[in-house]
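Read through the structure below, which is laid out as structure tokens, and then see the notes.
Protein chains: 2
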Amino acid sequence: MKQTGKRVTIKEVAEDAQVSVAAVSKVLRNSYGVSAKMRERVEASMRKLDYRPHTAARGMRGKTYTIGILQNDLRNPYLPNIFDGVIEGLEGTGYQPLLGVGQSQVPLESALINSMIDRQMDGLIMIAPRLPEPELERIARQIPTCVIAYHHDQETAFDTANFDSHLGARMATKHLLAQGSRNPVMLSLALPESDATNVIRQRELGFMAELEAHGIETENRVTYSHFDEARTQQVIHDLLNSSEPPDGLFCWSDIVALDTFTVAESLNIRVPEALAVVGYDNTFDQRLRPFGLSSLNQSGHRLGSEAARLLLERIGGRTKAEHSLFRPELIVRGSSAT
Amino acid sequence: MKQTGKRVTIKEVAEDAQVSVAAVSKVLRNSYGVSAKMRERVEASMRKLDYRPHTAARGMRGKTYTIGILQNDLRNPYLPNIFDGVIEGLEGTGYQPLLGVGQSQVPLESALINSMIDRQMDGLIMIAPRLPEPELERIARQIPTCVIAYHHDQETAFDTANFDSHLGARMATKHLLAQGSRNPVMLSLALPESDATNVIRQRELGFMAELEAHGIETENRVTYSHFDEARTQQVIHDLLNSSEPPDGLFCWSDIVALDTFTVAESLNIRVPEALAVVGYDNTFDQRLRPFGLSSLNQSGHRLGSEAARLLLERIGGRTKAEHSLFRPELIVRGSSAT
DNA sequence: CATGAATTGTAGAACGTTATACAAAAATAA
DNA sequence: TTATTTTTGTATAACGTTCTACAATTCATG
Chain F
1 MKQTGKRVTI KEVAEDAQVS VAAVSKVLRN SYGVSAKMRE RVEASMRKLD
51 YRPHTAARGM RGKTYTIGIL QNDLRNPYLP NIFDGVIEGL EGTGYQPLLG
101 VGQSQVPLES ALINSMIDRQ MDGLIMIAPR LPEPELERIA RQIPTCVIAY
151 HHDQETAFDT ANFDSHLGAR MATKHLLAQG SRNPVMLSLA LPESDATNVI
201 RQRELGFMAE LEAHGIETEN RVTYSHFDEA RTQQVIHDLL NSSEPPDGLF
251 CWSDIVALDT FTVAESLNIR VPEALAVVGY DNTFDQRLRP FGLSSLNQSG
301 HRLGSEAARL LLERIGGRTK AEHSLFRPEL IVRGSSAT
Chain V
1 MKQTGKRVTI KEVAEDAQVS VAAVSKVLRN SYGVSAKMRE RVEASMRKLD
51 YRPHTAARGM RGKTYTIGIL QNDLRNPYLP NIFDGVIEGL EGTGYQPLLG
101 VGQSQVPLES ALINSMIDRQ MDGLIMIAPR LPEPELERIA RQIPTCVIAY
151 HHDQETAFDT ANFDSHLGAR MATKHLLAQG SRNPVMLSLA LPESDATNVI
201 RQRELGFMAE LEAHGIETEN RVTYSHFDEA RTQQVIHDLL NSSEPPDGLF
251 CWSDIVALDT FTVAESLNIR VPEALAVVGY DNTFDQRLRP FGLSSLNQSG
301 HRLGSEAARL LLERIGGRTK AEHSLFRPEL IVRGSSAT
């Protein structure tokens, strides 16, 4: 079969406009050396024939005007904000963003990125990649890259855009202590590999740094949740049901903070009186009942548009790496204050 | 600049394996006419040189092994299930799915689809497209297409995969009536265009059909929510606060059912005693407190894998349209039964 | 064995662009 | 006017595959 709708090509446009193929190409890329008159004529022909450039053909020698975005978890409600920001940052540039999903699995992520490179994409925005650093650098050497949610301000091969996770964790922890928490615990996420580039690891480090600043022993103060929800609830249950249950909980994400509420309720532990909870990402607003969830607000939109900006610069020719770091904001709601 | 990592080409593989370029191409596509010995040698060379096919070049004459997925709302928690199903259905086929986001705006959606066609994608899966039918048919004539969440079992240009929305609505409504609801109302979604192909419109029709079957007047029984959350809450507030408030609510989605809870609580209306609520999609499970949300379960995963199956068949040469229709399942929880 | 059929491999055009190199024309300077 | 420079447009070789047509070889059949 094969639907062959016989596309209009640059050649037919050239014939219609009575100019050379090269001239049409120039107009298309608005490259140097076209008179206003010729541009006018060519554009008229393109409209008339409903010409659309053939991306694969362009990719053979030039650019594909395609930006690949790596996203690992489609279910994380924070990520759409980033995507919106990227779209806005790319608006009017002619670049089309396409999303690939790595499913949080290194081999899948690796295959996906390779396939984006094979497709001659012009740039890559990776959100919280799982790939190890040398691999990221190998990729960045092949294609302009900006990485979001990856703390490494000394990296030279690619740009990064982040909110300061370490600082955010300190703010949350300081708040919990100020609210009178004497036995604060952080609920983090168990990850196979978790070095200092990881935002969650940075939050752990920030949490512990703030405790130390207050002279509190940090040992055994971090508990680990999992992607598996049932298992996570079990972990929380064990924690809240222990002999010395925490009176303040700093959660690595809002989602796991919700699980905390569920378990606390089942154990008749009152929030915030007996347990103050702070989440991360500020993904839930007024929808949560009966009290709001305190959380660290960090605009995904801003992260996305900044990443787009950095990437466009890099595609444009910048080779020196840039690292944008924004400041998160603590939003206090009923879950951590009466 | 331009990072030119000088890719290994088919030509170099051919030289290394001491065969013709055509032979390597054949191996690559496992096309007819290659001996086991030759395949072996060529594959060894490909491994040795770490060859990767250049997708743009392939797209010039052959296929790109890329499937485009149109998604309109990244925030809808139901959609990741579909995507997982698609991924599973595509596993091992060599096709790479890439996601485009239409932002629920017709011009954006249109530009996106065109750009997928420009990129010579081999097939398209569209989830709840906003484009009008003639436009969809125009697209499907250019590229193999399967549409999800689009009710039109007479369509000949493309395949569809759906859960029966009309039936689901009838099941929900029947249940509400059986629970004793005397004044049932449906909370639907206001859409600019909403013909019978629309899943939400089908739910409205199913709702009314079931009412009629019970001899209940259908007029003024459908209220419309909006994408804007604040506005939606206002609508719900007005509805629940009216002189004849509903005692049963069939919501077009689980998300808007949550808003219902929020408003009901603020008005001291008890769920389910004074107001029974049924949602749609079964996106929330045990996370919801203090009672679970009754909802219609329809496996997005199944929808996705079915769409992938249909699309692969169509890419493989089928030209006759097929329409898969699955049966949803009503899950009763605390929001509609004591 | 001779003949035809099937199998295995190759040469080379084609796909639709971009980009380089250059010719022609127009503008500017002397 | 004549040189010189600048602007405008063209011809054509890539780019890395696929695919058609065909040649060479091996296999089967009588």
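Residue numbers (the UniProt record's numbering), protein chains in the order written: chain F, 1 to 338; chain V, 1 to 338.
From the three backbone atoms N, C-alpha and C, an ideal C-beta is built for every residue, glycine too.
query: Contacts around F/L189, its chain only, beta-carbon distance under 7 angstroms, and the 5 residues preceding and following it disregarded; result: I200, Y224, S225 and W252
query: Cβ neighbour criterion (16 or more within 10 Å) applied to V/G317; result: exposed
query: Residue closest to F/Q179, alpha-carbon to alpha-carbon, out of F/P245, F/R203, F/S335 and F/Q96; result: F/S335
query: Selected residue, minimal CA-CA separation from V/S181, among V/D254, V/A274 and V/A209; result: V/A274
query: Within 7 angstroms, strictly: CB atoms of F/I125 and F/A307; result: yes
query: Pair within 7 angstroms by beta-carbon distance, F/A264 and F/L293; result: no
query: Closest Cα partner of V/N183 within the set V/R221, V/A337, V/E313 and V/R309; result: V/R221
query: Nearest-angstrom Cβ-Cβ length linking F/H166 and F/T197, presumed shorter than 8 angstroms; result: Contact flag wrong, Cβ pair sits at about 12 angstroms.
query: Where V/N76 falls, given that 16 or more other Cβ within 10 Å makes a residue buried; result: buried
query: CB contact check: F/G100 to chain V, cutoff 7 angstroms; result: yes
query: Where V/R47 falls, given that 16 or more other Cβ within 10 Å makes a residue buried; result: exposed
query: Per-residue burial, F/R29 [other beta carbons within 10 Å of its own, 16 or more giving buried]; result: exposed
query: Min CB distance F/T4 to chain V below 7 angstroms; result: Residue placement at F/T4 cannot be trusted, given a pLDDT of 49 that sits under 50; the coordinates are not used to answer.
query: Three-state class that DSSP yields for residue 348 of chain F in the structure shown; result: For residue 348 of chain F there is no data in the structure shown, the boundaries of chain F being 1 and 338.
query: Secondary structure, alpha helix (DSSP H): runs of 4+ residues fully inside the stretch 148-199 of chain F; result: 165-178
query: Straight-line gap, V/A36 to V/G123 (C-alpha atoms, nearest Å); result: 31 angstroms
query: Host alpha helix (DSSP H) of V/H301 (start-end); result: G300 to I315
query: Span of the alpha helix (DSSP H) around F/G85; result: L79 to L90
query: Min CB distance F/A257 to chain V below 7 angstroms; result: no
query: Min CB distance F/G279 to chain V below 7 angstroms; result: no
query: Close beta carbons around V/H237, own chain, < 7 angstroms, minus the five adjacent residues each side; result: V263
query: Alpha-carbon to alpha-carbon, F/I255 and V/T156; result: 43 angstroms
query: Residues in the stretch 149-166 of chain V having any Cβ partner in chain F nearer than 7 angstroms; result: none
query: Proximal chain F residues relative to V/F227, where beta-carbon distance stays under 9 angstroms; result: Within chain F, no residue comes near V/F227; the closest Cβ sits about 13 angstroms away, beyond 9 angstroms.
query: Distance, F/T145 Cα to F/L310 Cα; result: 9 angstroms
query: Nearest to F/R203 (by Cα), restricted to the options F/A57, F/D164 and F/F284; result: F/D164
query: Beta carbon proximity, F/M1 to chain V, threshold 7 angstroms; result: Per-residue confidence for F/M1 stands at a pLDDT of 34, beneath the threshold of 50, marking its modelled position as unreliable; the derived number appears in the next sentence. Yes, F/M1 counts as interfacial toward chain V.
query: Status (buried if at least 16 other CB within 10 Å, exposed otherwise) for V/F158; result: buried
query: Below-7 angstroms beta-carbon distance, V/A56 vs any chain F residue; result: yes
query: Test: F/D118 CB closer than 7 angstroms to a CB of chain V; result: yes
query: Same chain, Cβ closer than 7 angstroms to F/S25, five either side skipped, listed in chain order; result: I10
query: Beta-carbon spacing of V/T55, F/D118 below 7 angstroms; result: yes
query: Near-chain F residues of the UniProt domain "HTH lacI-type" (8-62) of chain V - C-beta to any C-beta below 7 angstroms; result: R52, P53, H54, T55, A56, A57, G59 and M60
query: Within chain F, the residues that V/P80 reaches when beta carbons sit closer than 8 angstroms; result: L74 and R75
query: Straight-line gap, V/T4 to F/A140 (C-alpha atoms, nearest Å); result: Confidence in V/T4 is poor, its pLDDT being 48 and thus under 50, which makes the residue's placement unreliable; the coordinate value appears in the next sentence. Spanning the two alpha carbons is a distance of roughly 11 angstroms.
query: Proximal residues of chain F, C-beta to C-beta of V/S115 below 7 angstroms; result: Q96
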